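*Asks:* The structure follows.
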Amino acid sequence: MTVSSRSGDRQPLVLAAGTLGTYDLAERIDAASAAGFSGLGLRPEDYTIARDNGWSDADMRSLLDDAGLSVVELQSVHGWAGHEDERARGSEIEQGCYAIADALGADYMMVSNTTLACEWDEAVSRFGGICDRAATHGLGVAIEFLPWGPVPDAATAWRLVSESGAPNAGVLVDSWHHFRGASDDDMIRSIPADRIMAVQIDDALAEPIGSLYDDTRHRRLPAGHGDLDLVGFVQLLDQHGVDAPWSVEILSDEQRALPPLEGARLAADTTWELLAEARSGIRR
Numbered sequence: 010m011t012v013s014s015r016s017g018d019r020q021p022l023v024l025a026a027g028t029l030g031t032y033d034l035a036e037r038i039d040a041a042s043a044a045g046f047s048g049l050g051l052r053p054e055d056y057t058i059a060r061d062n063g064w065s066d067a068d069m070r071s072l073l074d075d076a077g078l079s080v081v082e083l084q085s086v087h088g089w090a091g092h093e094d095e096r097a098r099g100s101e102i103e104q105g106c107y108a109i110a111d112a113l114g115a116d117y118m119m120v121s122n123t124t125l126a127c128e129w130d131e132a133v134s135r136f137g138g139i140c141d142r143a144a145t146h147g148l149g150v151a152i153e154f155l156p157w158g159p160v161p162d163a164a165t166a167w168r169l170v171s172e173s174g175a176p177n178a179g180v181l182v183d184s185w186h187h188f189r190g191a192s193d194d195d196m197i198r199s200i201p202a203d204r205i206m207a208v209q210i211d212d213a214l215a216e217p218i219g220s221l222y223d224d225t226r227h228r229r230l231p232a233g234h235g236d237l238d239l240v241g242f243v244q245l246l247d248q249h250g251v252d253a254p255w256s257v258e259i260l261s262d263e264q265r266a267l268p269p270l271e272g273a274r275l276a277a278d279t280t281w282e283l284l285a286e287a288r289s290g291i292r293r
C-alpha cells in the first residue's frame, strides 16, 4: 500500500480530498503535482463533478498519469451502523467510491462516522459486508476512529477490524482524532503494524474551539502550526514499524480559502519539515 515517491528520499504523501477548497479535479491534480504529492484522495462528488464537466474516465486517467499521481484514498462511507436513512446515504457514498475505483483505481476506502442504531455484533457484520464488497473492487477498507462516535479510539477500531475477520480491513490513524480522543499510544501499539492501513496528519490548538465536530471540520492546522506533539506521533508510528500512506488532511476554512497551489505547497512542505524533524531525533 506504500505510494511511490517522486520526491527523492522525502516521505511520499497523499493530498486528502478536503485539504483544498477547489472541486475542479484538473486544478487539484495540477496543484498536488506541483507541490510534490505522490497520491490523491477523492470523494464521489469530485468524480461526479468531473464527469458532469465533460471529463471522460480516460481523460482523468491521462491527467493523473501526466502528473505522476495515483488515486490512493477514497472517502468516506458514513452512517454504516446507523438508522435506515443514514445507511442509505452511506450506501450511496460507498457505490460512488466503487465508481472511482473502477474508473481510476485506488488503494483504500475510508469508513468513518456513524451512529450506532444496532447491537455491536450487527455493526461488525455490516462493516464486514462493506469489506466484502470493497474487495471485489480491489480496495482495502480503513476504519477511521472518531472521538465522539461508537468507534472512538484505536482500540475499538482494531476490535472492529479483528472481529470482522476481513483480510482487506485495517485502521486509519488520524493525528487529530488520536490527540483529541484517548491519546493513548499503547492503543496504537496494540494494532499490528501491517493493519494500520493509512495515516492522516494535521495539527491543532491545544484545546478545541466549540464542539469537537466543529473544530475538526473548520480549525485544523498545518503540521507545526499548532500544539499537538506530532514529532512524538511520527516517532511512535515509525518505531512501531508502520509502512502506510501518509495523507495530509487539513480541514480548515483558512486552508480551503488559499489558492490551490499555495494550499497544496503549505500542506506538503510543513509535513515534510515535520517528518524530517521527527526522524532526526529532534523534539520541540
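The working numbering applies: residue 10 is where the sequence shown begins, and numbers increase by one. Cβ atoms here follow ideal geometry from the backbone N, Cα and C, with glycine treated the same way. All figures in this text were calculated on a predicted structure; none of them were measured in a lab.
#1: What separation, rounded to the nearest whole angstrom, lies between the Cα atoms of residue 87 and residue 120?
#2: So what's residue 281 in DSSP terms, helix, strand or just coil?
#3: Could I get the ranges of all uninterrupted alpha helix (DSSP H) runs contained in the segment 197–275, with 4 residues as the minimum, in chain order?
#4: Just checking my contact of residue 35 with residue 72 at CB under 8 Å: how many whole Å lie between their CB atoms?
#5: What first and last residue would you give for the beta strand (DSSP E) that runs through residue 81?
#6: I think residue 182 touches residue 28, with their Cβ atoms under 8 Å apart; what is that distance to the nearest whole Å?
#7: With a threshold of 16 other CB atoms inside 10 Å of the CB of residue 225, please say whether the residue is buried or exposed.
#8: Quick check on the burial criterion: 16 or more other C-beta atoms within 10 angstroms. Buried or exposed for residue 218?
#9: Tell me where the beta strand (DSSP E) around residue 153 begins and ends.
#10: How many Å lie between residue 127 and residue 68 at the Cα?
#11: For residue 298, which residues of its own chain have a beta-carbon under 7 Å away from its beta-carbon, when the five flanking residues on both sides are left out?
#12: Less than 8 Å separating the beta-carbons of residue 254 and residue 81?
#13: For residue 293, count neighbouring C-beta atoms within 10 Å of its own C-beta (all shown protein chains included) and say buried if the count is 16 or more, exposed if not.
#14: For residue 60, which of 94, 105 and 96 has the nearest alpha-carbon?
#15: Decide yes or no for the touch test of the segment 94–111 against the segment 158–178: beta carbon pairs closer than 8 Å, at least 3 of them.
#16: Name the DSSP bridge partner or partners of residue 4?
#17: Among the residues of its own chain, which have a CB less than 8 Å from the CB of residue 99, if the five just before and after it don't count?
#18: Tell me whether residue 246 is buried or exposed, calling it buried when 16 or more other Cβ atoms sit within 10 Å of its Cβ.
#19: I'd like to confirm something about residue 45: is its beta-carbon nearer than 7 Å to some heavy atom of the ligand ATP, or not?
#20: Which of helix, strand or coil does DSSP assign to residue 21?
#21: What residues are listed by DSSP as bridge partners for residue 117?
#22: Thinking just about the alpha-carbon of each residue, which of 37, 84, 114 and 155 is nearest to the one in residue 70?
#23: Relative to the alpha-carbon of residue 178, which residue among 193, 42, 201 and 159 has its alpha-carbon at the smallest distance?
*Replies:* Walking through what the data contain:
#1: Reading the sequence shown from its first residue, position 78 is the one you call residue 87. Reading the sequence shown from its first residue, position 111 is the one you call residue 120. Each residue's Cα considered, the two are about 6 Å apart.
#2: As a working note, residue 281 is residue 272 in the sequence shown. Of the three classes helix, strand and coil, the one that applies to residue 281 here is helix, per DSSP.
#3: 221–227, 239–249 and 262–265
#4: Residue 35 sits at position 26 when you count from the first residue of the sequence shown. Residue 72 sits at position 63 when you count from the first residue of the sequence shown. Residue 35 to residue 72, Cβ: 6 Å. Contact.
#5: Position 72 of the sequence shown, counted from the first residue, corresponds to residue 81. Residues 79–86.
#6: For the purposes of this step, residue 182 is identified with residue 173 of the sequence shown, where counting begins at 1. For the purposes of this step, residue 28 is identified with residue 19 of the sequence shown, where counting begins at 1. In fact, because the Cβ distance is near 17 Å, the residues do not count as touching under 8 Å.
#7: Counting from 1 along the sequence shown, the entry for residue 225 is found at position 216. Buried, by the Cβ-count rule.
#8: As a first step, residue 218 is located in the sequence shown; it is residue number 209 there, counting from the start. Exposed, by the Cβ-count rule.
#9: Translated into the one-based positions of the sequence shown, residue 153 becomes position 144. Per DSSP, residue 153 belongs to the beta strand (DSSP E) from 149–153.
#10: To locate residue 127, count along the sequence shown from 1; it is residue 118. To locate residue 68, count along the sequence shown from 1; it is residue 59. Roughly 43 Å separates the two Cα atoms.
#11: Any question about residue 298 goes unanswered here, given that the chain covers just 10 to 293.
#12: The residue you call residue 254 lines up with position 245 of the sequence shown. The residue you call residue 81 lines up with position 72 of the sequence shown. In contact: residue 254 and residue 81 (Cβ atoms closer than 8 Å).
#13: Counting from one through the sequence shown, the residue named residue 293 turns up at place 284. In this prediction, residue 293 has a pLDDT of 43, which is less than 50 and means its spatial position is unreliable; nothing more can be read from the coordinates.
#14: The residue you call residue 60 lines up with position 51 of the sequence shown. For the residues 94, 105 and 96, the minimum Cα distance to residue 60 belongs to 105.
#15: no
#16: The first residue shown for the chain is 10 and the last is 293, placing residue 4 beyond what the model contains.
#17: Counting from 1 along the sequence shown, the entry for residue 99 is found at position 90. If we look at residue 99 and ignore the five residues flanking it on each side, its Cβ neighbours are 86, 87, 88, 89, 91 and 123.
#18: Mapped onto the sequence shown, residue 246 falls at position 237. By the neighbour-count rule (16 or more Cβ atoms within 10 Å), residue 246 is buried.
#19: Looking at this structure, you won't find the ligand ATP or any other ligand, since it has none at all.
#20: Here the question's residue 21 lines up with position 12 in the sequence shown. It is coil, neither helix nor strand.
#21: Position 108 of the sequence shown, counted from the first residue, corresponds to residue 117. According to DSSP, which records beta bridges pairwise, residue 117 is partnered with 82 and 149.
#22: To locate residue 70, count along the sequence shown from 1; it is residue 61. Considering only alpha carbons, the answer is 114.
#23: What you label residue 178 is simply residue 169 of the sequence shown in a count that begins at 1. That would be 201, whose Cα lies nearest to the Cα of residue 178.
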